[in-house]
Structure formats: structure tokens, C-alpha cells
Ligand code: 0O2
């Protein structure tokens, strides 16, 4: 089954690569056509026009090709959306099951998003990757993203354990920014997983990034993100230090809450 899926992916990728190559040819054709239009008085150029077809005809395949690429992109996004749905359902089921036996929820909130085309393009540029669909699917694994917010640190690891114990969820990468926070104080558990999703033409393994953190960690990350979002505002080193201090306060609150939970056998 996996073999079959890989074949599917390869086919899609090859098609995407072909499209990009064709794009270049088409763009060259379009430039050529513009050049021809400007020089229509020249009989020699008119002769070339006949060989290449008229300029309007040269534009038509370009539009069709771009439409095809846009269609492939939309199809790809539908696949990621399905990955999000599948994974969200799994998390909701685990949450409900845990609630039944423990009288409380290990998941406070689940949010999801598909990375915007602009963010994808920026990330590809930052990584020096060519803008092709195959490059995108092979290198960017956070197109589908889910954020899971838990009350306690132990909940984060317990939910992650329950999710990863499922046979149709494959762990691809772990970044544990709770055990090893980022220099600026960012804390979160990042998992890249591949989840099996069935479509009309077979099964695909869809990569999804799962960010898991406590309410306190999320409070810091969300507010810090808002502060950083305005690119024209300067954050001084002194402000960075204060932000880091806030992150440490949140970490201490998490630690105290965890201790209290253990003391009252939560
Ligand atoms: P958005 O809008 O959240 O998607 P890699 O993917 O491994 O090549 P990357 O992308 O640097 O490298 O991975 P990393 O650092 O593990 O995770 C990136 C994501 O984590 C970010 O996504 C944020 O969501 C979150 N994140 C990481 N560091 C910080 C931080 O310091 N503050 C906050 N608030 N969030 C952080 P994007 O791509 O930035 O955007």
C-alpha cells in the first residue's frame, strides 16, 4: 500500500516538475511573442510568426498550463486539509476517552491551519529551494499544522504518547522545545507526523506538524508572536530580555501547577 502511495506521489511530482519546465518554455514563448508583435512591419519576422503561430495562440497554452498548476496546488491543499481533519478527530477521540476515565480533559483546545501560499513561498525562499510542487512536498512539512493546548506539561507528553502509539500515525521528526527551550524562551513540543488518509484513488501519508504546549506556554507564544508580527517595530535587546523573563515566569507557573497536580494526585 505504501509502495503504491509512493508511486502516486512520484507521479504527481514528476508531473509538477514537467509543468515547471514547461512554464519556462512557455514564458520564453510569451516573451518571443511580445517581441514579434513589436516588430510586425518586418517581413522576415512575419515569416517567423507563421512558423511559431500568431502571438495570441502562443499565450493560450501559457494560461492553460498555469491553470493546470493552480489545479494541482488546490488538489494538494485538499490532501493537507484531509490530514488535518483526520488528526484532529484522533485527538478529539483521545480527549473524550481520557475524560471518561479521568474526569478531566488533557486537551484544552485544538487549532489548525493550512500555511498560506505567501508563508510557503517565503519559507522556500529562505531555504533556497526552487518553487516547484515536488520541492514543496519533499521539503516543507508544516503546510498542515495543528496546535494542541494542554493544561499540564505531563498532558502534553501523554497526549503525544497516545497519538504516536497509533499504527497509522508515523513519527517523522520531534523537536522538544520544552526540554530544550529556544534561546528567546519559546517552549513547545513539535512533532512532524505522517498520517494515513484514504482517498478515492488510494491511501496517502499526509505530513502534519503538531505543536503541543501548555496554556502558559501558549499565552507567551501567542502574545510574543503578536509583538513580533509588526515588522516595522524594533524590538531592542532589553525588550528581548524582558520577553525572555516573561517566558521564564510562565515556565515557573507551569512547574508549580504540575507540582500541585502531583501533590493532590490529579
Ligand atoms: P506559522 O505561521 O506558525 O506557520 P523547519 O520547519 O524545521 O525547517 P522552522 O520552521 O524554523 O524550521 O521550525 P521550528 O522552529 O521548529 O518551528 C517553526 C514554528 O514554530 C513557527 O512557525 C512558529 O509557529 C513556532 N515558533 C518557533 N519559534 C517561535 C518563537 O520564538 N515564537 C513563537 N511565537 N513561535 C515560534 P512559522 O513558520 O514561524 O509560522
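Residue numbers (our numbering): -7 to 258. Glycine included, C-beta positions come from ideal geometry on N, C-alpha and C. On a predicted model such as this, the values are computed, not experimentally measured, just so you know.
Are the beta-carbon atoms of residue i and residue j separated by less than 8 Å?
i, j, result
"residue 103", "residue 139", "yes"
"residue 164", "residue 133", "yes"
"residue 73", "residue 137", "no"
"residue 162", "residue 197", "yes"
"residue 228", "residue 144", "no"
"residue 135", "residue 100", "no"
"residue 208", "residue 168", "no"
"residue 119", "residue 131", "yes"
"residue 242", "residue 211", "yes"
Return the Cβ separation of residue i and residue j in integer angstroms, given the expectation that the two are a contact with Cβ distance under 8 Å.
i, j, result
"residue 180", "residue 233", "Not confirmed; about 21 Å, so no contact."
"residue 112", "residue 69", "10 Å between Cβ atoms; not a contact."
"residue 260", "residue 98", "Given a span of -7 to 258 for the chain in the structure shown, any question on residue 260 remains unanswerable."
"residue 151", "residue 204", "7 Å"
DSSP three-state label for residue i, please.
i, result
"residue 75", "helix"
"residue 111", "helix"
"residue 163", "strand"
"residue 148", "helix"
"residue 168", "strand"
"residue 91", "helix"
"residue 258", "coil"
"residue 224", "coil"
"residue 86", "helix"
"residue 158", "coil"
"residue 97", "coil"
What residue range is occupied by the uninterrupted alpha helix (DSSP H) comprising residue i?
i, result
"residue 106", "Element bounds for residue 106: not the alpha helix (DSSP H) but the beta strand (DSSP E), 101 to 106."
"residue 229", "229 to 255"
"residue 201", "Looking at the DSSP string, residue 201 is not in any alpha helix (DSSP H); the run it does join, the beta strand (DSSP E), is 194 to 206."
"residue 129", "125 to 131"
In the DSSP assignment, the beta strand (DSSP E) including residue i goes from what residue to what residue?
i, result
"residue 188", "181 to 191"
"residue 139", "136 to 142"
So, does the CB of residue i fall closer than 8 Å to a CB anywhere in chain D?
i, result
"residue 110", "Any reference to chain D falls outside this structure, which holds one protein chain only."
Looking at C-beta atoms only, is the number of pairs between the stretch 181 to 188 and the stretch 146 to 166 that lie closer than 8 Å three or more?
-> Result yes; three or more Cβ-Cβ pairs closer than 8 Å.
Cβ pair count under 8 Å reaching 3, the stretch 230 to 244 against the stretch 203 to 222 = The count of Cβ pairs closer than 8 Å, one atom from the stretch 230 to 244 and one from the stretch 203 to 222, reaches three, so the stretches are in contact.
Would you check if the stretch 164 to 178 and the stretch 72 to 90 touch, i.e. whether three or more CB-CB distances between them fall below 8 Å?
-> The stretch 72 to 90 is not in contact with the stretch 164 to 178.
Between the stretch 126 to 138 and the stretch 85 to 94, do three or more beta carbon pairs fall short of 8 Å?
-> Contact annotation: the stretch 126 to 138 does not touch the stretch 85 to 94, with fewer than three C-beta pairs closer than 8 Å.
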